[in-house]
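Chains as they are written, first to last, in our numbering: chain A, 1 to 493; chain B, 1001 to 1450.
Glycine residues also receive a C-beta, built at the ideal position from the N, C-alpha and C atoms.
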Amino acid sequence: MTEGQIVEPTLFELSSAGRRGVTFPDLDVPRAGLPESLLRPDLPLPELGEVDVVRHYMRLSKFNYSVDGGFYPLGSCTMKYNPKVNEDAARLPGFAFVHPLQPIETAQGALGLMFEMQEWLKEISGFSAVTLQPAAGAHGELTGVLIMRAYHQSSGDAKRVKMLIPDSAHGTNPASSGVVGMQIAQIPSDERGNVDLAALKAQCDETVAGLMLTNPNTLGLFDENLEEVIKAVHACGGLVYGDGANLNALLGVLRPSDVGIDVMHFNLHKTFSTPHGGGGPGSGPVGVAAHLADFLPTPLIGIIEAGQGDTPPLYGYVTPKKTIGRVKAFHGHFGMIIRAYTYIAMHGPDGLRAISEYAVLNANYLRARLNKTYHLPHDRICMHEFVAEGRFEGSDVRALDIAKRLMDYNFHPPTNYFPLIVHEALMIEPTETENKDTLDRFADVMIQIAQEARTDPDLLHNAPHNTPFGRMDEVKAARELVLCCWLPEDYEK
Amino acid sequence: MTYIPISPTEREAMLAAIGVKKVEDLFKDVPAKHRFPKLDLPPALTEMEAAASLEGWASGNETTRDLVSFLGAGAYNHYIPAAVDHILRRGEFYTAYTPYQPEISQGTLQAIFEYQSLVAALTGMEVSNASHYDGATAVAESVNLAYANFRGKRTKVVISPTVHPQYRATLRTYTQGMGLELAGDDSQADLEAGPEAIASLVDDNTALVVVQYPDFFGRIHDYTQLVVTAHARGALVCVAANPTALALLKTPGAMGADIVVGEGQPLGIPLSFGGPYLGFFTTRKQYIHKMAGRLVGETVDNRGQRAYVLTLTAREQHIKRERATSNICTNQGLMALASAVYLALLGQAGLRQVAELCYHKAHYAAERLGKIPGFGLCFSSPYFHEFSLCCPRPVEEVNAHLLEHGILGGYDLGRDYPALKDHMLLAFTEMNSRDEIDYLVEVLSEVSHD
């Protein structure tokens, strides 16, 4: 290692034979014979003291950018502030130590909370029924597509295998349809960033299973022809899937079911403030209109015995009549559901609407401040996010360079190179939890970077400069494929 | 306005900069007749009130701390060292996104890289991905790997009936559009039959064989011969393993398995009524391009420093789109971190100690429970920390009796296996003292006398 470098050794490099972190009480029962032929000869795990482990992870944590540390305007990811009370709530011993297979009489608190969460999500979205089981947004999509497929099959309509997906939809939509065996037909966007109605109608035939619609779409635009789009799909017998990843723009603004969307997933880790955890866990509940309710995954949380007077109802498990089955073990990401429940409880109906109003206000304010300095391919009022082009005429600076340069100013970059339909896309979503000072500082820096792109493009090409690590050799990673720590020699048997 | 730090004056200035008069003007694209619906939800609570409300729900549960618990069946009551949650509560970890910007995400990336290494070491496999949702979905995704490996030309999957019933159910859900034949997925099959019965179902059309280790009943089988048979037919083998057991037992990797997956919850993740948990997924290097999920690889930055990046992303949904093996995007990042911290704190000696405590306590319990008149152990194979106990009365009644005495009894196997009516699956961990086990014996003895 060269001097001045800050590389943190791996757990395996820090290991020293014979060190112990945690120990457990001595065995208090007689030893039983071990099945000798079924034992492993060695266990190549590191050996460390507790302080070694804590300092290791403390040092690693300092290499991370986070919402707690700064502004994270990552488009379509809704990196809003994660309230601390949510974290405490999820860790209450009365929740954390409940086994998923306990008799329902001993888990009424957990089941009651989940039941109420189903009811709240129904009210927010207008849907007739909600499952909390899916583990993440893409898992919710998979659940939704399986429900659409099962619905058509139960109507004897097995030829419906075509899924229409606008080019402004979320990136997971094609894969979610593909893994279920659907054929994908991509629908282009029109000049104003809406679904191209003529192109959509040309695809609407008796083989259409449905449309997967992200609205507001990944351009941050609310489709101006939304009701016509939905009508066209319904007219040919298809269903409309709503990708709820952008729901942060619509709380108390529009209930997706009211405009005819048949099925939608929620991202509790976007709209309802549960933390992203460095890649997960998320939670992707799915809501459906009445005609799809029988197909939801099993089990749902329901009332088994009605309450009377002071006696609360008895909550338990209910299996929908034509269920697609289970999409995972147990009942969903309960810990995330608690966090989102706390968040909704603290907002109430007016607070929820305020979330979306301010998310949209903040996005439009940034859009207004960056307009002209950056080319905006769709220069109209946006919803909770917008897309700018990260390129300048006569300059070889790219969106990637702008993204990396932002790190030097201690900002997380926007999503870049998505959506694919905008050249050098920079997709900016400030969320409602940022104040005006932060937005102004970000806008000032973006304008400054545009200036630097003209005067000193190499400053951008070589960025970041002020971060602990510089740009990565991604080719080396893919070519050499070192995917595990080096293990000391005596481990290799 | 709970977490919205904008003053009315600032709002007015922002509206002016945008060029609209009021916030409502920003929503003109929303169909007017549906715009701003009134939501029938309870009024907002302050943090103090919300905290009290949540305490109220939490107090409506009886937990594995209030009761003496012998419930397992896929989720286990283990001790979690305090340092695990202290590290998880670092905002730098839990409020970060997926590490798509490696220059400012090295903490997450190195932590995942180390997680991959720990899981590979535990399973005896070559590569691990950055996680799946849980054990059930990891099993389901193993079918996607095998299906893609044979380009859809092999259409049969053999799965042992002794794989967790909820994992099998999840696999059925995932594969319902794929036109696969599922063999062995029969809860009425002979449960004593052992791996040979599964091997006999493998043919030249078989893409994948799935078994569990220890199986759902806690039994330990050596699958080496099954792997040989499956490989002779060209099929792959997936073993769903309990990670605690792997501290003690021969690894599925050493048995020749092609894919090893499992539920990582026992590694420092609270029971939390079923989630979030952790699906781990490992395979051999030759199948890496068909494996789903994120993968972290080592590289260097432009200053010559060792560093880590997400690699082989061309396999994933956001690039391969509808041709991807899986649609997984968000995974269980923070849960993978929890398990890595847990494994680092326990180390080889600590994890082995936990595994041995589980093993010996279960065997002590079996020895005593098997002698209670009317009760009996139903399988003779070696087992790890769980076993099936035959009861003289319906499990529901036995469990109700146990609950009256503050004991959370075992899982009712009759729910999933008709032949195991009146059988309960009991689990033992380091959390169960000898006194607790003796107490269980005492209370169950009353059942046999009633």
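Strand pairing of residue i, partner residues [DSSP]
i: residue 1133 of chain B; result: Per DSSP, none; premise fails for residue 1133 of chain B.
i: residue 162 of chain A; result: A:183 and A:208
i: residue 1423 of chain B; result: B:1390
i: residue 287 of chain A; result: A:130 and A:264
i: residue 1249 of chain B; result: A:39
i: residue 258 of chain A; result: Partner(s): none; residue 258 of chain A has no beta bridge.
i: residue 1159 of chain B; result: B:1210
i: residue 1255 of chain B; result: Answer by DSSP bridge pairing: none, since residue 1255 of chain B is not bridged.
i: residue 426 of chain A; result: A:388 and A:416
i: residue 1219 of chain B; result: B:1383
Reference residue i, options the options, closest by Cα
i: residue 252 of chain A; options: A:482, A:359, A:69 and A:161; result: A:359
i: residue 1207 of chain B; options: B:1231, B:1422 and B:1312; result: B:1231
i: residue 1280 of chain B; options: B:1263, B:1151 and B:1180; result: B:1263
i: residue 1290 of chain B; options: B:1071, B:1145, B:1047 and B:1026; result: B:1145
i: residue 1243 of chain B; options: B:1074, B:1183, B:1045 and B:1440; result: B:1074
i: residue 177 of chain A; options: A:254, A:144, A:194 and A:133; result: A:144
i: residue 169 of chain A; options: A:104, A:188 and A:156; result: A:188
i: residue 1431 of chain B; options: B:1362, B:1141, B:1422 and B:1415; result: B:1362
i: residue 1009 of chain B; options: A:436, A:454 and A:444; result: A:436
i: residue 139 of chain A; options: A:294, A:343 and A:268; result: A:268
i: residue 1461 of chain B; options: B:1072, B:1044, B:1011 and B:1078; result: Not covered by the structure: residue 1461 of chain B. The range shown for chain B is 1001 to 1450.
i: residue 125 of chain A; options: A:257, A:156 and A:192; result: A:257
i: residue 458 of chain A; options: A:407, A:402 and A:389; result: A:402
i: residue 476 of chain A; options: B:1344, B:1312 and B:1194; result: B:1312
i: residue 942 of chain B; options: B:1421, B:1080 and B:1135; result: Only positions 1001 to 1450 of chain B appear in the structure, and residue 942 of chain B is not among them; the question remains open.
i: residue 462 of chain A; options: B:1275, B:1303 and B:1154; result: B:1303
Beta carbon proximity, residue i to chain A, threshold 8 Å
i: residue 1341 of chain B; result: yes
i: residue 1186 of chain B; result: no
i: residue 1433 of chain B; result: yes
i: residue 1282 of chain B; result: no
i: residue 1289 of chain B; result: no
i: residue 1376 of chain B; result: no
i: residue 1318 of chain B; result: yes
i: residue 1029 of chain B; result: yes
i: residue 1439 of chain B; result: no
Residues that residue i contacts on chain D, provided the C-beta gap is smaller than 7 Å
i: residue 1346 of chain B; result: Protein chains in the displayed structure are A and B, and chain D is not among them.
Test: residue i CB closer than 8 Å to a CB of chain B
i: residue 489 of chain A; result: Note that residue 489 of chain A scores 49 on pLDDT, short of 50, meaning its location in the model is unreliable and no value can be drawn from it.
i: residue 482 of chain A; result: yes
i: residue 492 of chain A; result: For residue 492 of chain A, the predicted model reports a pLDDT of 42, less than 50, meaning its position is unreliable and no value from the coordinates is stated.
i: residue 465 of chain A; result: no
i: residue 16 of chain A; result: no
i: residue 222 of chain A; result: yes
i: residue 470 of chain A; result: yes
i: residue 217 of chain A; result: no
i: residue 36 of chain A; result: no
i: residue 351 of chain A; result: yes
i: residue 154 of chain A; result: no
i: residue 190 of chain A; result: no
i: residue 48 of chain A; result: yes
i: residue 518 of chain A; result: The shown model of chain A, from 1 to 493, leaves out residue 518 of chain A, and the question about it has no answer.
i: residue 5 of chain A; result: yes
Any non-hydrogen atom of the ligand SAM closer than 7 Å to residue i Cβ
i: residue 1130 of chain B; result: In terms of ligand content, the structure shown is empty, and the ligand SAM therefore cannot be addressed.
As an exercise, report each continuous beta strand (DSSP E) stretch of at least 3 residues that is fully enclosed by the region 1365 to 1390 of chain B, in chain order.
1386 to 1390
So if I threshold CB-CB distances at 9 Å, which residues from the region 90 to 107 of chain A count as touching chain B?
90, 91, 92, 93, 94, 95, 96, 97, 98, 99, 100, 101, 102, 103, 105, 106 and 107
What residues in the region 1263 to 1280 of chain B have a beta carbon less than 7 Å from any beta carbon of chain A?
1270, 1271, 1272, 1273, 1274, 1275 and 1276
Of all the residues that make up the region 1055 to 1069 of chain B, which are near chain A by a beta-carbon distance shorter than 9 Å?
1055, 1056, 1057, 1058, 1059, 1060, 1061, 1062, 1063, 1064, 1065, 1066, 1067 and 1069
Please go through the region 1297 to 1346 of chain B and give each complete alpha helix (DSSP H) segment of 4 or more residues, from N-terminal end onward.
1317 to 1320
Could I get the ranges of all uninterrupted alpha helix (DSSP H) runs contained in the region 1066 to 1133 of chain B, with 4 residues as the minimum, in chain order?
1082 to 1088, 1091 to 1094 and 1106 to 1123
Which of the residues in the region 316 to 334 of chain A, read from start to end, lie with their CB under 7 Å from any CB of chain B?
324, 325, 326, 327, 328, 329, 330, 331, 332, 333 and 334
Of all the beta strand (DSSP E) runs that stay within the bounds of the region 278 to 364 of chain A, which reach a length of 3 or more residues?
286 to 288, 300 to 305 and 314 to 318
Residues of the region 55 to 69 of chain A with a CB closer than 9 Å to any CB of chain B: list them in chain order, please.
56, 57, 58, 59, 60, 61, 62, 63, 64, 65, 66, 67, 68 and 69
Positions along the region 1318 to 1333 of chain B whose CB lies within less than 9 Å of some CB in chain A
1318, 1319, 1320, 1321, 1322, 1323, 1324, 1325, 1326, 1327, 1328, 1329, 1330, 1331, 1332 and 1333
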